[in-house]
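Residues in the sequence shown are numbered from -3 upward in steps of one, following my numbering.
All C-beta atoms in this analysis are idealised placements derived from N, C-alpha and C, irrespective of residue type, glycine included.
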Amino acid sequence: MTKSKPTYIWHYYHNQLVTAIFFSMPIKSRRARIKAIKDPGEHALRLRLLKIVKGKIPDEITKFVERNYSDGRRQDLSREKSVIALHKKECKNCPWNGVTIFPIQED
């Protein structure tokens, strides 16, 4: 049996820059979940930022993710320089501040 490769998705969770998903139709299921359980005031931003990574995630990161993926644990790739650079290219006008897509607005 062949091991499935991950699909990388920007902002699958508000506090994670990119998430490796190992099941089919991750965007469709996540959109439905956002609409069902998240604050309606967050829907537009969450749905706009939720997208499949188009560029290449380095092989060493994918190997790390595959090696360490167990029990549904997500690997935090938010500090990987190559991931940050790719995010900058693919996710224009993104409010990601290194921690969340919902940074605290100062009055």
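{"Query": "Specify the secondary structure class of I17 as computed by DSSP and reduced to three states.", "Result": "strand"}
{"Query": "Taking the alpha carbon of F19 as the reference point, which residue from P2, D35 and K31 has its own alpha carbon closest?", "Result": "P2"}
{"Query": "Does DSSP put K52 in a helix, in a strand, or in coil?", "Result": "coil"}
{"Query": "Determine, using beta carbons only, whether L13 and R26 come nearer to each other than 8 angstroms.", "Result": "no"}
{"Query": "Using alpha carbons as the reference points, say which of V61, Y65, I53 and N64 lies closest to I80.", "Result": "I53"}
{"Query": "CB-CB under 7 angstroms to L43, same chain, minus the five flanking residues each way: which ones, in chain order?", "Result": "R27 and I30"}
{"Query": "Kindly give me the distance between the Cβ atoms of V49 and L82, rounded to whole angstroms, as I take these residues to be in contact under 8 angstroms.", "Result": "7 angstroms"}
{"Query": "Which term fits E76, buried or exposed, when burial requires 16 or more other beta carbons within 10 angstroms of its beta carbon?", "Result": "buried"}
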